[in-house]
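One structure is given here, and the rest of the page talks about it.
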Amino acid sequence: MEAPPGRGGLSSFAAVRRWVADETWLKRLLTARRWMSRAYFEVRYIVPDPWRVATSPYERERARLSVEVLGGRHYAGVLEVGCGEGLFTPRLLDRCGHVVAVDFSGLAIRRARRRFAGEPRVEVERLDVRTTELDRTFDLVFCAELFYYMNSAEFEEVGARLVRWLAPGGDLCLVHGTSVHDAEPGAAETGQMSARMIHDRFRRMPGLVVLRDLALPRYRVTLLRRTEAGRA
Ligand SMILES: C[S@@+](CC[C@H](N)C(=O)[O-])C[C@H]1O[C@@H](n2cnc3c(N)ncnc32)[C@H](O)[C@@H]1O
1 MEAPPGRGGL
11 SSFAAVRRWV
21 ADETWLKRLL
31 TARRWMSRAY
41 FEVRYIVPDP
51 WRVATSPYER
61 ERARLSVEVL
71 GGRHYAGVLE
81 VGCGEGLFTP
91 RLLDRCGHVV
101 AVDFSGLAIR
111 RARRRFAGEP
121 RVEVERLDVR
131 TTELDRTFDL
141 VFCAELFYYM
151 NSAEFEEVGA
161 RLVRWLAPGG
171 DLCLVHGTSV
181 HDAEPGAAET
191 GQMSARMIHD
201 RFRRMPGLVV
211 LRDLALPRYR
221 VTLLRRTEAG
231 RA
């Protein structure tokens, strides 16, 4: 049957909008070669604070909740994975003795180092979590908006690595914005990256128990604890 006049145009516009918002295409592109996601973030960081972490009310609320979910616990050592320019790091510093903030973007790391010059409680390191091992563990590993641009093999590898970086009894805090795939019940099975897929995978990892799990309309915040004995 022929579509009524005007409807076809509107539905193709909606389809294009959905395709752009979906970002599966971007993820496929960036995960084709390992250097591509590094290059993508380097380009994004040409403009300081590309995600408007410092100014957007949405980002400020997300940051507030990300710390609130930690409860009253004070941590000795924290690892912040994908710290960017270090805009969230001061919030972690309020809750701990020492932060190691890591990111693979040279531009972001340069800004973070400038920000924390003279602050002995913050160590800023440039590294790619897909390829780097650390020989130390932390009471808290904090990771926000990191996993979208990894393929499933990298996701599994980095996920296990984050758990290894947790001291027994240490906490892992994950924060990811929801995508169109979060609304699709079958998305996880088809490997489409979404907060649901990422967080549900961590929920099933051996050696972790779930302390809190907030599935909010725009993002998911999950706090897990490494059991004393178990190693993933
Ligand atoms: C979307 S930004 C989020 C920044 C910050 N965590 C936040 O929530 O505002 C993702 C960050 O992760 C970093 N990143 C992505 N993949 C990485 C990897 N494999 N190793 C280290 N850093 C990575 C990027 O450079 C970028 O700073």
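Numbering of the sequence shown is given in the UniProt record's numbering, commencing with residue 1 and proceeding in unit increments.
Where is the CB? At the ideal position from N, CA and C, for every residue including glycine.
### Contact test: Tyr-75 Cβ vs ligand 1 heavy atom, cutoff 7 Å
Here residue 75 refers to the residue found at position 75 of the sequence shown. No.
### Query
In whole angstroms, what separates the C-alpha of Ser-12 from that of Leu-26?
What you label residue 12 is simply residue 12 of the sequence shown in a count that begins at 1. What you label residue 26 is simply residue 26 of the sequence shown in a count that begins at 1. Their Cα atoms are separated by approximately 20 Å.
### Segment limits, beta strand (DSSP E) that includes Tyr-219
In the sequence shown, counting from the first residue as 1, residue 219 sits at position 219. From DSSP, the beta strand (DSSP E) with Tyr-219 extends over 219-226.
### Task
State yes or no: is the C-beta of Arg-95 within less than 8 Å of the C-beta of Val-141?
Against the sequence shown, residue 95 aligns to sequence position 95. Against the sequence shown, residue 141 aligns to sequence position 141. Contact: no.
### Task
Mind reading off the beta-carbon distance from Ala-167 to Phe-138? Whole number of angstroms is fine, and I expect it under 8 Å.
Against the sequence shown, residue 167 aligns to sequence position 167. Against the sequence shown, residue 138 aligns to sequence position 138. Contact flag correct, Cβ pair sits at about 6 Å.
### Query
Out of curiosity, what's the CA-to-CA distance linking Met-36 and Val-122?
The residue you call residue 36 lines up with position 36 of the sequence shown. The residue you call residue 122 lines up with position 122 of the sequence shown. Roughly 29 Å between the two C-alpha positions.
### Message
Please return the same chain residues whose Cβ sits closer than 8 Å to the Cβ of Glu-42, not counting the five positions on each side in sequence.
### Response
As a position in the sequence shown, residue 42 is number 42, starting the count at 1. Excluding residues within five positions, the ones whose Cβ falls inside 8 Å are Ser-105, Gly-106, Leu-107.
### Query
Is it the case that the CB of Trp-51 approaches a heavy atom of ligand 1 more closely than 7 Å?
For this step, residue 51 is matched to residue 51 along the sequence shown. Trp-51 Cβ: within cutoff of ligand 1.
### Message
Which residue wins for smallest C-alpha separation from Leu-216, given the options Gly-159, Glu-23, Tyr-45, Leu-65?
### Response
As a working note, residue 216 is residue 216 in the sequence shown. Among Gly-159, Glu-23, Tyr-45, Leu-65, the Cα nearest to that of Leu-216 belongs to Leu-65.
### Query
Between Glu-85 and Arg-115, is the Cβ-Cβ spacing less than 8 Å?
The sequence position of residue 85 within the sequence shown is 85, counting from 1. The sequence position of residue 115 within the sequence shown is 115, counting from 1. It is a contact, given that the beta carbons lie within the stated cut-off.
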